[in-house]
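Undergrad:
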Amino acid sequence: MDLLRIEVSNAGFDAAMEALIMDDPHPGHDYQDSPSHWLRRALYAYEWAKRTYATEVPQPGKAREAVLLHESLERQRWTGR
71 MDLLRIEVSN AGFDAAMEAL IMDDPHPGHD YQDSPSHWLR RALYAYEWAK
121 RTYATEVPQP GKAREAVLLH ESLERQRWTG R
């Protein structure tokens, strides 16, 4: 029997935890403060850190910065502003 093995990126985990405690409003104020919004931020931060930091952990504040940049660019794409 093969056991399933799940590997977690240390950089991604730290970034996701940082994103979970963010209290910044969404740039467009389009979203309510909700668990799905928190999860969306955490998942984005996890994937961002996993791609960006292969062997190290991001400095404090970098995940927050990346999430806010992503959200503002996403808003620009949808609204054209």
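Using the numbering used here, read the sequence shown as starting at 71 and increasing by one per residue.
Glycine included, every Cβ here is placed at the ideal spot set by N, Cα and C.
1) From D93, H140, F83, L74, pick the residue whose C-alpha is nearest to that of A124; which is it?
2) Would you mind working out which of W108, H140, T122 sits nearest N80, comparing C-alpha positions?
3) Look up L74 in the DSSP assignment and say whether it is helix, strand or coil.
4) Is it buried or exposed, P105, if we count other Cβ atoms within 10 angstroms and call 16 or more buried?
5) Give the straight-line distance between the Cα atoms of K132 and A86, rounded to the nearest whole angstrom.
6) Roughly how many whole angstroms lie between the Cα atoms of S142 and D93?
7) Would you kindly report the start and end of the unbroken alpha helix (DSSP H) that includes M92?
8) Would you kindly work out how many angstroms separate the C-alpha atoms of T149 and V78, rounded to a whole number?
TA: This is what the structure holds:
1) F83
2) T122
3) coil
4) exposed
5) 11 Å
6) 15 Å
7) Note, M92: premise wrong, no alpha helix (DSSP H); not H, not E.
8) 35 Å
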